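See structure below.
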Amino acid sequence: MEKAEVSAEIIERVSQMEAALVRLNDAINTVEGALDTYEQMWGDYHALDKYYSGKAWWEDLEADNQGLLPEDLPRGVLSEDAVYDVLGDAEALRQRLQELAHSAQETPDNSPR
Numbered sequence: 008m009e010k011a012e013v014s015a016e017i018i019e020r021v022s023q024m025e026a027a028l029v030r031l032n033d034a035i036n037t038v039e040g041a042l043d044t045y046e047q048m049w050g051d052y053h054a055l056d057k058y059y060s061g062k063a064w065w066e067d068l069e070a071d072n073q074g075l076l077p078e079d080l081p082r083g084v085l086s087e088d089a090v091y092d093v094l095g096d097a098e099a100l101r102q103r104l105q106e107l108a109h110s111a112q113e114t115p116d117n118s119p120r
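The sequence shown begins at 8 in the working numbering and counts up one residue at a time.
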């Protein structure tokens, strides 16, 4: 049986779609890993938010101000800006993911799936 000739257009299209398949598969694997990390980070978020908005943070800050903490102890958590910023960044990330999830529901021509 003789093979029919395949146009360069078909070969190019299959090649492009194969590349798209590989990129999409790689992206899915990357995003799944990132989402696992995202899901796990909320435990730290809630613990840090509770600490920062509670009495313990003020007690620890006062201990630091009095020089009672070891000099070599990392204390970025006692910086108001660092904690406020990271909590805000987490909230911004949550909002971005919600927006991305919403936009993923639409097809490229903006009609619902």
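We put the CB at the ideal spot given by N, CA and C, even for glycine.
Just so you know, these numbers come straight off a predicted model, no measurement behind them.
Asked: Backbone secondary structure at E66 - three-state DSSP; Found: helix
Asked: Rounded distance between the beta-carbons of L94 and L55, thought under 8 angstroms; Found: 7 angstroms
Asked: Residues near V13 in its chain [Cβ-Cβ closer than 6 angstroms; skip 5 each side]; Found: none
Asked: D96 vs L85 beta-carbon contact at 8 angstroms; Found: no
Asked: C-alpha gap between E113 and P81, whole angstroms; Found: 46 angstroms
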